[in-house]
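Sequence lines, in order, name chains E and L. Using the working numbering, you'd call the opening residue of the first sequence number 1 and step up by one each time. Using the working numbering, you'd call the opening residue of the second sequence number 1 and step up by one each time.
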Amino acid sequence: MTKKIASFLLAIAVTLAFLPPQNIRATEAVEIPENPQPEYEEDLTPSAEELGRISGNCSSIKLQLQRVQRADAKSRVHLGAQYETISTNLMLNLNLRLVKNNVANAELADQQTRFFSERERFKNDFIGYSQELEKLIQVNCKEHPQEFYDQLILTRQKRSDVQQSIYRLQELIDYHRNSVETLRSLL
Amino acid sequence: MFAKKKTDQRPIHGGRNLILLFVIASTIALSTTAISLSIYRATGDIYLDRSRPGYIAENEKHNEEDDNIEKFSSEGAITQKDLDEYLQTLELVDSRIRNAIDDFSEAPISDETLGISDLEPVVQESE
Chain E
1 MTKKIASFLL
11 AIAVTLAFLP
21 PQNIRATEAV
31 EIPENPQPEY
41 EEDLTPSAEE
51 LGRISGNCSS
61 IKLQLQRVQR
71 ADAKSRVHLG
81 AQYETISTNL
91 MLNLNLRLVK
101 NNVANAELAD
111 QQTRFFSERE
121 RFKNDFIGYS
131 QELEKLIQVN
141 CKEHPQEFYD
151 QLILTRQKRS
161 DVQQSIYRLQ
171 ELIDYHRNSV
181 ETLRSLL
Chain L
1 MFAKKKTDQR
11 PIHGGRNLIL
21 LFVIASTIAL
31 STTAISLSIY
41 RATGDIYLDR
51 SRPGYIAENE
61 KHNEEDDNIE
71 KFSSEGAITQ
81 KDLDEYLQTL
91 ELVDSRIRNA
101 IDDFSEAPIS
111 DETLGISDLE
121 PVVQESE
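Written as structure tokens, this is what we have:
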């Protein structure tokens, strides 16, 4: 009976640790400087020549964007699966095992929470980017090259958000590895 | 005794009612489908749905068997050997992520790659 109660309390504790904190933004969890001035913001106004190229190469531009859309979907699935493995198969189980052995590590539990939050952010950033990319593909670049270019800039910003999220997750993985190595040396 | 009953009932338009039923049922089905699809799109699930036809071609789908990694057990004692195994597994997953770390760089939609700028596209060096 006592074992059952202990297991139940343990399950609740781990579930609570797994939930993202409501009052902390995911970006505050990791101190990674975001790039405030992406390179593409240097020149946002296309020249008449560039607008002419957009109209002229409209079909090939669309084809390239559709290729990018397919490649992105594949990458998202691949990365998502790896993050899921780290979060569920590794971090969660390690923390459970540590708790059961009475060597609960607050730092590792915190990393698990941060990783979960950042993984959610990666997913949401990808959705936001995909929506903008789809809008971009739907713009008639032959007739409205300026509108197309404005949407292209917005799509690049959203793509950059996804890339930044991947970098933040990578930093968290590196940080987690260091923490486990430290724990290993203490055993 | 067998006299005909007086019938002052209104005529029943069976055919017309059947058509009406079909039209109403179709309208309800179409509108609920439209609402479902708009929610599916608005929430962004459409971009995460791997089973969406044509989203990822069969030959492009990642081999899921490669993703099968042994779980780190939540049971048992914690020793240095266990943590070594943990770190090995983490390293394996990490190496897969590092191979795709720049998949969302700006390069594929840069002005150069799209042929908007007259500069040559920057070719990313693969490891």
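Note that beta-carbon positions come from the ideal geometry of N, C-alpha and C, so glycine has one too. Remember, predicted model here, so these are calculated numbers, not experimental data.
No Cβ-Cβ contact shorter than 7 Å links S60/E with P145/E. When Cβ-Cβ separations below 7 Å define contact, R168/E makes no contact with chain L. Using a CB distance cut-off of 7 Å, R121/E does not count as an interface residue toward chain L.
Interface annotation for the segment 73–89 of chain L against chain E: S73, S74, E75, G76, A77, I78, T79, Q80, D82, L83, D84, Y86, L87 and T89, criterion Cβ-Cβ distance under 9 Å. Close to T113/E, with beta-carbon spacing below 7 Å, lies no residue of chain L; the smallest spacing is near 17 Å.
DSSP places C58/E in the helix class (H, G or I) of the three-state scheme. For S60/E, the C-beta contacts it makes with chain L under 9 Å involve L114 and G115, in order along the chain. Within 10 angstroms of the beta-carbon of I12/L lie fewer than 16 other beta-carbons, which makes it exposed. One thing to note: S165/E has its Cβ within 7 Å of the Cβ of D125/E. Remark: C-beta atoms of L108/E and S185/E do not approach each other more closely than 7 Å. Here A25/L is exposed. Its C-beta has fewer than 16 other C-beta atoms within 10 Å.
With a 10 Å radius around the Cβ and a threshold of 16 neighbouring Cβ atoms, I173/E comes out buried. Between Y129/E and R177/E, the CB-CB gap reaches or exceeds 7 Å.
Beta-carbon to beta-carbon, N105/E and L98/E are separated by about 6 Å, close enough to satisfy the 8 Å threshold. At a cut-off of 7 Å between beta carbons, I69/L contacts chain E. Listed by position along chain E, the residues whose Cβ is nearer than 7 Å to that of P53/L form an empty set, because the closest Cβ is around 13 Å away. Judged by DSSP in its simplified three-state form, V103/E adopts coil rather than helix or strand. Sorting L37/L, F22/L and E75/L by C-alpha distance to the C-alpha of L92/E places E75/L at the top. Excluding sequence positions up to five before and after L87/L, its CB lies less than 8 Å from no other CB in the same chain. Bounds of the alpha helix (DSSP H) holding R159/E are P145 to L186.
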